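Everything below concerns the one structure shown next.
In the working numbering, the protein residues as written are 124 to 381.
Structure follows, in structure tokens:
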């Protein structure tokens, strides 16, 4: 039996049991066991260590930035209300028509009426490369970006799949056929109802660029922009409706609820 940490934020233990016969694996069983942290007694030594490390930052992390009027989550293949909040903030603060946010799978949820604290914001954005960006991109380049990410996710060869979920998109509407070939999955790209012009330049906001030179550009971290936006909401943030693409060619699918 092998036990591992599974998923993010300590939510599950992964348990795989092997049935070994004659020196070979005859069968196996894999289970996800949920961890109900509030029902388990804390290890005193580990609790003391965590409290010591968190102590200097506790007050800043606990600061309330706003109250959410809708559930904020990061769970969907194509978007989530928590990611939509980040997209809306980036577009508003940076004056962009379109925004991209990485398809990260980690992060915790907030229920309607809960406080949006600085800790939750960091929980959604804290990487070592969380710089906010804003750039001019042609319609053709925007499609290329979407096609590239889609191929990383939906390529039928698992060795070409690079993990994560689809890049989250703000402002832009599009259709996607996950089963189509490379370069042919994205279609019907629109901005405010009008087709995207391949030759036109659009102002696009984003964050978490992987290019090494981005670290030297002096851009603010994304959480500073989002904090500015949250504090300008008058204490409350209305429910976010995720901007989802139109899914083509892959339905019905037991893993997708239309």
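By construction, the Cβ of each residue, glycine as well, lies at the ideal position given by its N, Cα and C atoms.
All values derive from a computational prediction rather than experimental measurement.
Inter-stretch contact (C-beta, 8 angstroms, three-pair minimum) for the region 250-261 and the region 325-345: Here the region 250-261 lies against the region 325-345, with 3 or more beta-carbon pairs under 8 angstroms apart.
Looking at the secondary structure, which residues open and close the beta strand (DSSP E) in which residue 229 lies? Looking at the DSSP string, residue 229 is not in any beta strand (DSSP E), and its letter there is neither H nor E.
Just verifying my parser: in three-state terms, what is the DSSP assignment at residue 325? Residue state, collapsed to three classes: strand.
Within this structure, are the beta carbons of residue 142 and residue 187 separated by less than 7 angstroms? No; because the gap between Cβ atoms is not below 7 angstroms, this pair is not in contact.
Scan the region 190-268 and note each continuous beta strand (DSSP E) run of 3 residues or more that stays entirely inside, going in chain order. Within the region 190-268, the runs of beta strand (DSSP E) at least 3 residues long that lie entirely inside it are, in chain order, 221-224, 238-240, 255-261.
Is it right to say residue 159 is buried, meaning 16 or more other beta carbons lie within 10 angstroms of its own, or is it exposed? It is exposed - the Cβ of residue 159 has fewer than 16 other Cβ atoms within 10 Å.
Using three-state DSSP, classify residue 287 as helix, strand or coil. In the structure shown, residue 287 sits in coil (DSSP, three-state: anything other than H, G, I, E or B).
The region 166-173 / the region 208-218 touching (three or more Cβ pairs under 8 angstroms): Contact between the region 166-173 and the region 208-218 is absent, because fewer than three Cβ pairs lie under 8 angstroms.
Looking at the secondary structure, which residues open and close the alpha helix (DSSP H) in which residue 168 lies? Per DSSP, residue 168 belongs to the alpha helix (DSSP H) from 167-177.
Which of helix, strand or coil DSSP assigns to residue 388: What the structure shows of the chain is the stretch from 124 to 381, and residue 388 is not part of that stretch, so it cannot be assessed.
Confirm the yes/no value for this check: CB of residue 148, any heavy atom of the ligand GTP, distance under 6 angstroms. In terms of ligand content, the structure shown is empty, and the ligand GTP therefore cannot be addressed.
Thinking C-alpha only, which one of 303, 127, 189, 361 is nearest residue 279? Of 303, 127, 189, 361, the residue nearest in Cα terms is 303.
Determine whether the Cβ of residue 155 lies closer than 7 angstroms to any Cβ atom of chain B. You won't find chain B in this structure, because it holds only one protein chain.
Opening and closing residue of the beta strand (DSSP E) in which residue 129 lies: Note, residue 129: beta strand (DSSP E), 125-129.
Reference residue 221, options 190, 157, 274, 290, closest by Cα: Taking each of 190, 157, 274, 290 in turn and checking the Cα distance to residue 221, the smallest one comes out for 290.
Sequence-distant residues of the same chain with beta carbon closer than 8 angstroms to residue 194, five excluded per side: Cβ within range, chain order: 204, 232, 233, 234, 235, 362.
In terms of residues, what are the limits of the beta strand (DSSP E) holding residue 149? Start and end: 147-157.
What number of angstroms, rounded off, separates the C-alpha of residue 156 from the C-alpha of residue 169? Residue 156 and residue 169: Cα-Cα distance of roughly 22 angstroms.
Hey, is the region 237-256 in contact with the region 309-317, meaning 3+ C-beta pairs nearer than 8 angstroms? Touching, no, given that fewer than three Cβ pairs across the two stretches are closer than 8 angstroms.
Taking C-beta to C-beta, are residue 301 and residue 373 nearer than 7 angstroms? A distance below 7 angstroms separates the beta carbons of residue 301 and residue 373.
Please work out which residues of its chain come closer than 6 angstroms, Cβ to Cβ, to residue 125, disregarding the five sequence neighbours upstream and downstream, and give them in chain order. The beta carbon of residue 125 sits closer than 6 angstroms to the beta carbons of 139 from its chain, once the five residues preceding and following it are set aside; these are given in chain order.
In three-state terms, what does DSSP make of residue 362? Coil.
Whose C-alpha, out of 276, 367, 256, is nearest the C-alpha of residue 332? Closest by alpha carbon: 256.
Could you give the first and the last residue of the continuous beta strand (DSSP E) run that contains residue 144? Boundaries of the beta strand (DSSP E) harbouring residue 144: 135-144, taken from the DSSP string.
In the DSSP output, what is residue 293 paired with across the bridge? DSSP output for residue 293 lists 222 as bridge partner(s).
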